[in-house]
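Have a look at the structure below, then the notes.
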Amino acid sequence: MEKLEKIYQGKAKKLYTTDDPDVLWVEYTDQATAGNGAKKAQIAGKGELNNHITSVMFRLLAARGIPSHFIRQISATEQLDRRMAMFPLEIVMRNTAAGSFARRYGVEEGKELSKPVLEFFYKSDPLDDPFINEDDIEALGLAGRDQLDIIEAKTREIGKALTSIFDSIGIRLVDFKIEMGTTSDGTILLADEITPDTCRLWDKASGKGEVEHMDKDLFRRDLGNIIPAYQDVLDRLRTLEAGR
Ligand code: C5P
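The sequence shown: position 114 = 114 (full-length UniProt numbering), numbered continuously.
Written out as structure tokens, the structure is:
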């Protein structure tokens, strides 16, 4: 497989075409951003950790019957993924109130929700990724009704699998963001990444009234160094994958 032209530089990843039109070469970088790029830093080792973590996550999901764009990891910071036409949507699912949900509804962070909540945000840097509802998505032609039904069903299934995976390694999955797209034959597939950059992960060993964050909130809120926390997530996932 040959790496060809850079087609996209995101906040934490670079995407390249390859000699196969259906395959992308993805490089995870050390850049961390928050607040739609308002806060930015280079954190040595982050790209490598996230590339390892998302690779394990996609393999664990595949083993549970949930396919994704992931093909294989090719180096410490790189992987091959299927090339897809992406929906311009951030698909968020929440088990527990936190972040923008807690702010929007004036509820306390950590309040357990009576059911998992599905939300959509419209991916647009100039608009700051606004909240969007399903009618808006349809009316703007971002996804069709049938596609939204599939996206919703898949997200709920992914949410159950992720919650159980993290629970089994002592981590509370508070919320997560995923993205989906369609392959060249129109199949809707999970894509992008599943990492502590895109999930809120709280150590279940946290003391009462205290949260041990194992995710990007450490960076967003200046709570500490993300690297040992991300390494801990990876170590636990590797133990799970090895069946130890
Ligand atoms: O900020 P908010 O509470 O809406 O975030 C919900 C979830 O989506 C969090 O796990 C956060 O890490 C993730 N997220 C993301 N990329 C964004 C916004 C949120 O991965 N641009």
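Each residue gets a CB set at the ideal place from its N, CA and C atoms; glycine is no exception. These numbers come from a predicted model, not from an experiment.
By the Cβ rule, the segment 230-239 does not count as touching the segment 137-149, because fewer than three pairs are nearer than 8 Å.
Pairwise C-beta distances place the segment 207-218 out of contact with the segment 177-189, as fewer than three of them are shorter than 8 Å.
Proximity of the segment 89-105 to the segment 41-50 falls short of the contact definition, fewer than three beta-carbon pairs being nearer than 8 Å. Going by DSSP, residue 175 is part of the beta strand (DSSP E) stretching over 171-182.
Within the same chain, and ignoring the five residues on either side of residue 232 in sequence, the residues whose Cβ sits closer than 7 Å to its Cβ are 214.
By the beta-carbon neighbour count (other beta carbons within 10 angstroms, threshold 16), residue 210 is exposed. Put simply, of 21, 169, 20, 25 the residue whose alpha carbon is nearest the alpha carbon of residue 9 is 25.
Under the rule that a run must span 4 or more residues, the alpha helix (DSSP H) segments found entirely inside the segment 44-100 read 46-63. Residue 83 places its beta carbon less than 8 Å from that of residue 23. Taken atom to atom, the span from the alpha-carbon of residue 172 to that of residue 16 is near 34 Å. Per the DSSP secondary-structure output, residue 120 pairs in a beta bridge with 91, 132. The alpha carbon of residue 29 has as its nearest neighbour, out of 49, 38, 36, 37, the alpha carbon of 49. The C-beta distance from residue 61 to residue 55 rounds to 11 Å, too long to fall under 8 Å, and the pair is not in contact.
With 16 or more other CB atoms across the displayed protein chains lying within 10 angstroms of its CB, residue 51 is buried. The ligand C5P never approaches residue 222 closely enough for any of its heavy atoms to be under 7 Å from the residue's Cβ. Looking from the CA of residue 81, the closest CA among 20, 240, 104, 99 belongs to 20. Taking 8 Å as the cut-off, the beta carbon of residue 125 is found closer than this to the beta carbon of residue 36. Taking a C-beta distance under 8 Å as the contact criterion, residue 161 and residue 66 qualify as a contact pair. Within the same chain, 14, 15, 16 come within 8 Å of residue 6 by CB-CB distance, once the 5 residues on both sides are set aside. Sequence-distant partners of residue 33 (beyond 5 residues in either direction) whose C-beta falls short of 6 Å from its own C-beta, in its chain, are 11, 40.
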